[in-house]
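Colleague: First the structure, which I've put down as C-alpha cells, then a few questions once you've had a look.
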Ligand code: WQD
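Numbering (the working numbering), first residue to last: 958 to 1294.
The structure is reproduced here in C-alpha cells:
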C-alpha cells in the first residue's frame, strides 16, 4: 500500500488535503514543526475523519530525521506544503524565507533521493508571475517575482527542473496557487495561523466582522478595474485540496515535471468579495479607502484549463461557499480551544 508524506500537514492547506486523504482511505503521514500551525489540528482531523491520524513532529531541514521517516513509514510519494507564505514577512525577513522554503525543500529532496522516493507534488504560488503581462494567466506566462516569498518558489521550481534533467525517473507536479480562501464544511478546519495574523483580505474582513478590527482598509480604488479595486482569483480551499489528490494520481503515470495553475479562472474585486461576505453574514463591513499596498498588482486571475484537462479536475464551489465556510469556521473556532 503506498503511503504519502504530507509535509506541513497541520497548516491551512495541508489540513484540508489531509481531510480528503483520510476520507478516501489513503495511507498518509503528516510531518510538521508546528511553527505556524496548532497541534490541535491533528485532533480535529481525527474528529472529522473518525480515523487515527499519523503524524511526526519534524522540521523539514532535519534531513537525517526525514530519511528515517521516509524509510520507516515506507513513503512512496510526498505532497510538500511545509513553507513560510507571508509576502510581507518575506520582505522583512528574507533569510528565514530562503532557509525554510529553499534549504528546507533541498533537505527534503536529498532525503527522498537517498531513500529512492521520486514522486512529488510541490506547493508553488501564482506570486511567481509578478505583474501580469496578459490575462488570464496561463503556465507559459513570464516568471518575475517581486518579493522574496515568490522568489523562493521560483528557486525551488528551477531546482526541480534541473533535478528532472539529471534523473528522468522523478515524477513531479508543481501547483501554482492563486488565492485560496474558505474552510472545511465541517467548521472545524480553516485558516488559523498560530503566530502571524493573516494580512489576506478575507481573514481581515472576518476580523472586522468579529469586531477585532475597527474597519477594513481597502488598498486603493484607482486600479483600472470595474470598481477600481484589486482583482484576484479566489479559489475554495476544498477545490484546491482536491487538485492535490488529482495531482497525486497523475504522477503515478507521468515521469517528468508538470506545472499547473490552480484558480477558478474568474477575477473577483475587493468590493465584490466584501459585498458577497456582507450578503452571506448579514453583517455590514465598515471600510475606508487608503493608498495602494506596496507590491500589489491590479488584476491577477488564472487560466486553469491545463489543470482541468490533464488533471481531470474542476472547481466546484462558489464565492458564497468560500465566504460562508470561512465565516462558519471563524465562529466555531472561537468556541473550541
Ligand atoms: C487580495 C486583494 C489587496 C487586505 C496573497 C499572497 C500570497 C498568496 C496569495 C500563496 C488585493 C486587497 C487585502 C486588506 C485590501 N498565497 N486587500 N485590504 O496579495 O493577492 O496574495 O495571497 O501563495 O499569500 O501573495 O492576497 O488577500 O493579501 O489581497 O484591500 O486588508 O485584497 O490589495 O487587491 P494577495 P490578499
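Don't be surprised by glycine CBs; every beta carbon is placed ideally from N, CA and C. Quick caveat: nothing in here was measured; it's all calculated off a predicted structure.
Between residue 1160 and the rest of its own chain, which residues show a CB-CB distance below 7 Å, the 5 nearest in sequence each way excluded?
Modeller: 1148
Colleague: Run the CB neighbour count on residue 1146, radius 10 Å, all protein chains shown included, and call it buried at 16 or more, exposed below.
Modeller: buried
Colleague: How about the segment 1210–1221 and the segment 1256–1271: do they share at least three Cβ pairs that are nearer than 8 Å?
Modeller: yes
Colleague: Which residue or residues does DSSP assign as beta-bridge partners of residue 1014?
Modeller: 989
Colleague: Which residue's Cα is closest to the Cα of residue 965: 978, 989 and 981?
Modeller: Shortest Cα-Cα distance from residue 965 to any of 978, 989 and 981 involves 989.
Colleague: Could you give the C-beta distance for residue 1195 and residue 1274, rounded to a whole number, given that I count them as a contact under 8 Å?
Modeller: 6 Å
Colleague: Is residue 1192 closer than 8 Å to residue 1272 when the C-beta atoms are compared?
Modeller: Their beta carbons are under 8 Å apart, which means residue 1272 touches residue 1192 by this criterion.
Colleague: Would you list the residues sitting across from residue 1137 in a DSSP beta bridge?
Modeller: Per DSSP, 1192.
Colleague: Return helix, strand or coil for residue 1215, following the three-state DSSP convention.
Modeller: strand
Colleague: Give the range of the beta strand (DSSP E) segment to which residue 973 is assigned.
Modeller: Premise fails: residue 973 lies in the alpha helix (DSSP H), 969–980, not in any beta strand (DSSP E).
Colleague: Using a Cβ-Cβ cutoff of less than 8 Å, which residues in the same chain neighbour residue 1033 once the five nearest sequence positions on both sides are dropped?
Modeller: 959, 960, 961, 1074 and 1076
Colleague: Rounding to the nearest angstrom, what Cα-Cα distance links residue 1213 and residue 1206 in this structure?
Modeller: A straight line joining the alpha-carbon of residue 1213 with that of residue 1206 spans about 14 Å.
Colleague: By alpha-carbon positions, which one of 983, 995, 1278 and 1288 ends up nearest to residue 1137?
Modeller: 1278
Colleague: For ligand 1, is there a heavy atom less than 7 Å away from the beta-carbon of residue 1234?
Modeller: no
Colleague: Under 8 Å, do residue 1113 and residue 1142 count as touching if we go by C-beta distance?
Modeller: no
Colleague: Out of 1096, 1208, 1108 and 1248, which one is the CA nearest neighbour of residue 1173?
Modeller: 1248
Colleague: Could you compute how far the alpha carbon of residue 1211 sits from the alpha carbon of residue 1184?
Modeller: 43 Å
Colleague: Closer than 7 Å to a non-hydrogen atom of ligand 1 - does that hold for the CB of residue 1175?
Modeller: yes
Colleague: Residue range of the alpha helix (DSSP H) that residue 1292 falls in?
Modeller: 1276–1292
Colleague: Given a threshold of 16 other Cβ atoms within 10 Å of its Cβ, counted over all protein chains shown, does residue 1243 qualify as buried or as exposed?
Modeller: exposed
Colleague: What residues are listed by DSSP as bridge partners for residue 984?
Modeller: 960
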